[in-house]
Structures are given as C-alpha cells and as structure tokens.
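Residue numbers (this note's numbering): 345 to 571.
Note that beta-carbon positions come from the ideal geometry of N, C-alpha and C, so glycine has one too.
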C-alpha cells in the first residue's frame with residue numbers, strides 16, 4: 345500500500361508538515377522586518393504575547409521600589425498551583441506542566457533572550473527527521489506481506505506522527521512563553537528593581553508548575569507554596 349493509497353497516514357503526515365510550516369512562518373515573522381503579510385502575522389503574535397504577559401504581570405504583586413507583597417504572592421501561588429493541578433488532569437497535562445515549568449525556569453536563569461532562534465531551528469530539524477522516518481517506514485510497509493509485521497510498522501508510523509505533532513506543539517509553547525517572559529522582565533513601566541523582582545517571581549512560577557507534576561495527597565497539597 346502506497347502513501348497515496350493510505351489516506352489516513354497521508355493526511356496525518358500532511359497535518360504535521362502544515363503545522364511545521366506554520367511554526368516556521370510564525371518564527372520568521374517574529375524576527376522579520378519585511379512588510380506585508382509577515383508584519384500582520386507579527387502583529388497578531390505580538391498582541392497575543394502582550395496579552396499573556398499582561399495577565400501574568402497583574403498576578404505579580406511587585407510594589408513601587410521593587411518590594412514584593414509576600415502575603416499576596418503566597419496566595420497567588422496557591423491559586424496557580426490549583427490551576428496547574430486542573431491542567432495536569434487533561435490530556436498531555438503532565439507534559440505541558442513540564443514544558444511550562446522548564447520554560448519559566450530557563451527564562452529566570454537568564455535564558456530569556458538566549459539562543460531561542462538556534463534552539464527552535466534544532467527542534468524543527470528533529471521534527472523534519474521524524475517526518476522522514478515516517479516516509480521511510482511507509483516505503484518499507486509497501487514491501488511487507490506479513491500481517492503481524494505490517495501492524496507493527498503501522499504502530500511505529502502512528503507513534504512517530506504523534507511524537508512529531510507533540511514536538512511541534514511543545515516548540516510553539518516554548519517560543520511563546522519565552523517571549524512572554526521577555527516582555528515581563530523588560531517592561532519599561534516599572535523600575536530596574538521591579539524588573540529584577542519579576543525575574544525572581546518567574547522562577548517561583550516555574551516552581552509552582554514543577555510542584556504540580558508531583559503526586560500529592562491530602563490537605564498538605566499546595567501548603568508548601570504559602571511559605
């Protein structure tokens with residue numbers, strides 16, 4: 345059976361390739377200075393980042409002079425923890441928590457402006473490699489007659505397609521969160537001390553999502569965040 349004769353596999357591969365192309369276009373628009381449609385994509389992307397950053401900054405109780413209202417922040421962290429728990433119960437929730445926590449930890453440790461473009465390019469290369477693996481397995485599937493071996497190959501193909509989809513989604517989340525973090529810690533409406541405190545709070549946010557990946561039980565869940 346050729347790829348064209350297997351519409352399900354062909355459709356799934358096409359979806360992965362389309363998502364990959366969209367990711368590359370969005371990433372190009374982020375750094376592009378050209379006019380036209382790239383500027384429009386960039387503007388939409390910027391609006392999304394600004395909106396997300398604004399919501400996060402509203403939850404960070406940094407007072408004038410760079411002081412943190414620890415009581416309010418403790419309460420906010422507990423709220424975030426329960427929100428993270430809700431996310432954990434969804435499909436791919438645990439994986440998403442790891443991605444979010446890692447992204448904010450990396451940003452708080454000076455990786456906000458780091459080598460995101462290089463990392464993005466590496467991840468795109470990995471996804472393209474997975475797509476090529478799918479095509480290789482498809483070609484092999486065309487030559488196999490044993491039904492058990494066919495089923496095994498079909499399972500391998502499905503697994504690689506799912507992995508490619510997930511890596512594409514993860515790359516997009518990491519890109520957006522990196523830009524959100526950058527906006528939070530470079531916001532000119534607060535002073536230098538305030539921006540430094542926000543950097544610390546980003547680390548706390550990462551800690552909240554990291555804690556939510558653990559299996560906790562009983563009334564103590566979230567209590568460590570009150571400290």
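For residue i, which of helix, strand or coil comes out of DSSP?
| i | result |
| --- | --- |
| residue 534 | coil |
| residue 549 | helix |
| residue 406 | strand |
| residue 487 | helix |
| residue 435 | coil |
| residue 557 | coil |
| residue 380 | Residue placement at residue 380 is flagged as unreliable, the pLDDT there being 46, under the threshold of 50; the coordinate-derived value follows with that caveat. Reduced to three states, the DSSP call for residue 380 is coil. |
Within 10 angstroms of the Cβ of residue i, are there 16 or more other Cβ atoms? Answer buried if so, exposed if not.
| i | result |
| --- | --- |
| residue 473 | exposed |
| residue 416 | exposed |
| residue 420 | buried |
| residue 538 | buried |
| residue 493 | exposed |
| residue 423 | exposed |
| residue 504 | buried |
| residue 532 | exposed |
| residue 476 | exposed |
| residue 479 | exposed |
| residue 414 | exposed |
| residue 506 | exposed |
| residue 411 | exposed |
| residue 508 | buried |
| residue 391 | exposed |
| residue 542 | buried |
Please go through the same chain and pick out, in chain order, the residues whose beta-carbon is closer than 7 Å to the beta-carbon of residue i, but skip the five residues on each side of it.
| i | result |
| --- | --- |
| residue 449 | 547 and 550 |
| residue 582 | In this structure the chain extends from 345 to 571, so residue 582 is not present and cannot be described. |
| residue 400 | 524 and 528 |
| residue 403 | 420 |
By the DSSP assignment, the alpha helix (DSSP H) with residue i in it spans what residues?
| i | result |
| --- | --- |
| residue 413 | Note, residue 413: premise wrong, no alpha helix (DSSP H); not H, not E. |
| residue 524 | 491-529 |
For residue i, which residues of its own chain have a beta-carbon under 6 Å away from its beta-carbon, when the five flanking residues on both sides are left out?
| i | result |
| --- | --- |
| residue 443 | 514 and 517 |
| residue 496 | none |
Can you give me the Cβ contacts of residue i inside the same chain, cut-off strictly under 8 Å, excluding the 5 residues immediately before and after it?
| i | result |
| --- | --- |
| residue 511 | 467, 470, 471 and 474 |
| residue 447 | 517, 518, 521, 522, 525 and 550 |
**Message:** Tell me whether the region 540-548 and the region 431-439 touch, counting them as touching only if at least three CB pairs, one residue from each stretch, are closer than 8 Å.
**Reply:** no
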